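Residues are numbered in this note's numbering as their position in the sequence shown, beginning at 1, plus a constant of 110. Where is the CB? At the ideal position from N, CA and C, for every residue including glycine. Note that the structure is predicted; figures quoted are calculated from it, not measured. Accompanying notes for the structure given below.
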Amino acid sequence: MSHEILVLGAGYAGLAAAGRAAHNIRRDALDAHITLVNAAPDFVERVRLHQVAAGQDVGVHPLSASLDGTGIDLVLGRVEHVDTGRRTVRVSVAGPERPEEQQGPEGQEGQAEPEREISYDTLVYALGSDAGPGVVPGAAEHTHNAASLGSAWALARRIRENAPHSVAVVGGGLTGVETATEIAESHPRLRVELLTRGRVADGLSPRGRAHVHRVLSRLGVSTREGVSVAGVDSVGLRLADGSRVDADLVVWNAGFGVATLAAEAGLTVDRDGRAVVDTDQRSVSHPDVYVVGDAAHAVGVHGDPQRMSCAMGLPMGWTAADAVTARVRGDEPELPPFADLFQCVSLGRRDGLVQFVRGDDSPVRFVLTGRPAALYKEYIVAYAYGVLNGGQGQPDQYLMLVRWAARHWLKRHSARNRGAEVAGSV
């Protein structure tokens with residue numbers, strides 16, 4: 111019988127895994143079939159959601175276009191339960207989770223049944239992440255975020271319809287920076303303030319952070335570093351020191367969270383609920399399950415978990431696909447590790463930052479800034495979707511780069527360690 115590969119989630123990692131596996135199946139004439147389950151009929155460029163939140167129309171990408179001619183079957187619905195013992199997944203197909211503006215025509219294939227059970231031989235779990243749980247009192251009730259297409263649309267609608275005078279963006283990581291700069295540039299009359307417990311863009315190099323601060327200042331975004339939010343209400347924020355920040359609208363960017371489905375299915379997970387995988391993206395507890403993207407706790411060349419990002423989601427998906435199809439073919443995969451190359455940051459539509467990094471994701475001095483950096487990121491984002499959609503570029507080119515970075519880092523790291531051992535023996 112045909113080997114059934116079931117992919118859950120059609121974000122960057124899931125779509126990369128499904129497309130790469132389909133390519134390998136055709137190339138090697140394997141007796142295998144792929145089913146892809148996704149809650150919505152469109153691929154979401156998640157790295158553009160801060161643009162959506164600012165009110166920009168970034169377009170939609172129907173999955174049917176990406177999957178045309180691949181032989182992949184698409185099932186629209188929400189994953190309800192994964193039974194690793196029976197190797198089945200229960201999917202609710204009564205109506206995909208998507209904003210009303212994006213509802214498809216009635217009678218769309220797959221929507222007539224309230225539930226469907228799908229069997230698999232190999233499962234690729236790629237359900238990604240969403241906004242982290244709001245542990246601060248009032249955060250769940252009084253804040254917006256741009257972690258999903260629906261929430262980004264809701265935020266844009268709130269700005270458009272309520273005409274707020276002030277917006278407080280909580281979280282000084284790269285997502286918070288992108289959101290604050292995009293809103294400030296698109297709505298110059300808004301007073302935008304960025305608040306963070308640590309430093310703004312703390313993971314960047316000094317040169318990178320300096321450029322971020324220059325752009326924030328140019329766009330009129332005020333910043334508060336080293337502050338903690340103790341509560342949120344309808345008129346702003348209460349800080350831990352007892353002071354207040356008045357705001358008509360609060361945007362929360364204090365981290366991401368993953369669904370509990372992997373843990374409920376019995377997979378070994380970390381304290382954040384991310385499934386622990388080996389270098390092939392294979393679950394360490396369930397050898398017929400592969401986990402990719404934000405839902406995976408994958409260790410990089412540096413020994414720490416890979417950060418949640420599109421940059422890691424793509425090679426994770428391709429690596430899992432190569433491993434799965436190799437085992438279907440009867441081989442054991444021999445896949446080199448991969449590592450980070452750079453971080454791309456949008457600072458509005460006319461400015462940006464490309465922070466080049468070592469294989470362990472730590473920043474180096476070299477950065478690209480300004481309009482060239484904005485164009486560089488646009489190229490990377492377009493290239494990523496082009497690869498997933500069967501357009502220009504090949505996954506192997508991207509994998510070659512990230513795996514080269516891993517080998518380069520490992521070589522330098524080993525040489526440094528050998529040097530330390532020699533120095534210690536002298």
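If you drop the 5 nearest sequence neighbours on each side, which residues of the same chain put their C-beta closer than 8 Å to that of residue i?
| i | result |
| --- | --- |
| R354 | G346, L347, R348 |
| T253 | G244, V280, V342, V360, V361, W362 |
So what does DSSP say about residue i, is it helix, strand or coil?
| i | result |
| --- | --- |
| A222 | In this prediction, A222 scores a pLDDT of 47, lower than 50, which makes its location untrustworthy; the coordinate-derived value is nonetheless stated afterwards. Note: A222 maps to coil in three-state DSSP. |
| I135 | helix |
| D390 | coil |
| D240 | strand |
| L511 | Bear in mind that a pLDDT of 49 at L511, under 50, signals an unreliable position, so the number given afterwards is only what the model happens to contain. Note: L511 maps to helix in three-state DSSP. |
| D432 | helix |
| Y489 | helix |
| Q416 | coil |
| L520 | Caution applies to L520, whose pLDDT of 49 falls short of 50 and renders its modelled position unreliable; the value that the coordinates give is listed next. Looking at L520 - three-state DSSP - the assignment turns out to be helix. |
| V170 | coil |
| D312 | coil |
| Y235 | strand |
| P482 | helix |
| Y495 | helix |
| S296 | helix |
| E74 | A question about residue 74 goes unanswered here, because the residues of the chain that appear run from 111 up to 536. |
| H407 | strand |
| V438 | helix |
| V245 | coil |
| Q212 | Note that Q212 scores 41 on pLDDT, short of 50, meaning its location in the model is unreliable; the coordinates nonetheless yield the value given after this. Of the three classes helix, strand and coil, the one that applies to Q212 here is helix, per DSSP. |
| P151 | coil |
| G119 | coil |
Take residue i as the anchor and find which of the options has the nearest alpha-carbon.
| i | options | result |
| --- | --- | --- |
| V162 | R324, R200, D414, S296 | S296 |
| V497 | H275, L177, V402 | L177 |
| F448 | G427, V491, A436 | G427 |
| Y495 | P172, V245, I115 | P172 |
| D390 | V409, L377, T378, D380 | V409 |
| V368 | E335, V399, G238, V394 | G238 |
| V474 | L314, E227, R130, Q416 | L314 |
| G195 | A126, L377, V467 | L377 |
| G352 | A340, R437, A266, L359 | A340 |
| D382 | D193, A241, A128 | A241 |
| M418 | R136, V147, V157, D141 | V157 |
| G248 | S344, A142, D471 | S344 |
| G308 | Q465, V467, G283 | G283 |
Rounding to the nearest angstrom, what Cα-Cα distance links residue i and residue j in this structure?
| i | j | result |
| --- | --- | --- |
| I293 | A164 | 5 Å |
| A364 | D138 | 45 Å |
| V154 | L233 | 22 Å |
| T429 | L445 | 7 Å |
| V536 | A256 | Confidence is the limiting factor: at V536 the pLDDT is only 26, short of 50, which leaves the residue's position unreliable, though a coordinate-based value still follows. The straight-line gap from Cα to Cα measures roughly 55 Å. |
| H160 | W362 | 12 Å |
| C454 | T285 | 11 Å |
| R328 | P151 | 39 Å |
| L359 | A290 | 12 Å |
| A530 | A431 | Since pLDDT at A530 reaches only 33, below the 50 mark, its modelled position is unreliable, and the value read off the structure follows with that caveat. Roughly 39 Å between the two C-alpha positions. |
| H275 | R317 | 32 Å |
| H321 | S393 | 40 Å |
| L118 | N134 | 19 Å |
| E190 | P298 | 43 Å |
| V287 | D231 | 42 Å |
| A142 | V379 | 29 Å |
| L140 | I115 | 12 Å |
| Q212 | A128 | With a pLDDT of only 41 at Q212, under the threshold of 50, the placement of this residue in the model should not be trusted; the figure read from the coordinates follows. If I take the Cα positions, the gap works out to 24 Å. |
| A421 | I269 | 30 Å |
| V201 | S174 | 19 Å |
| G503 | V467 | Legend: pLDDT at G503 = 39, less than 50; position of this residue unreliable, value from coordinates given subsequently. Roughly 23 Å between the two C-alpha positions. |
| F366 | D450 | 20 Å |
| G124 | T435 | 15 Å |
| D470 | P425 | 15 Å |
| T370 | L184 | 23 Å |
| S332 | F452 | 27 Å |
Compare the C-beta of residue i with all C-beta atoms of chain B and state if any pair is closer than 8 Å.
| i | result |
| --- | --- |
| Y235 | Any reference to chain B falls outside this structure, which holds one protein chain only. |
If I measure Cβ to Cβ from residue i and keep anything under 7 Å in the same chain, skipping five residues before and after, which residues do I get?
| i | result |
| --- | --- |
| A132 | I144, T180, G181, I182 |
| R384 | V368, A405, A406, H407 |
| A537 | There is no way to answer for residue 537, as the model of the chain reaches only from 111 to 536. |
| L168 | Looking at the sequence shown, residue 168 is not Leu but Val. Around V168: E155, R158, Q161, V162. |
| R460 | R481, A484 |
Legend entry - Length-filtered (4 minimum) alpha helix (DSSP H) runs lying within the region 322-385: As summarised for the region 322-385, the continuous alpha helix (DSSP H) elements at least 4 residues long and confined to that stretch are 371-374, given in chain order.
Legend entry - Continuous beta strand (DSSP E) assignments of at least 3 residues falling wholly in the region 265-289: DSSP runs (the beta strand (DSSP E)) wholly in the region 265-289: 276-280.
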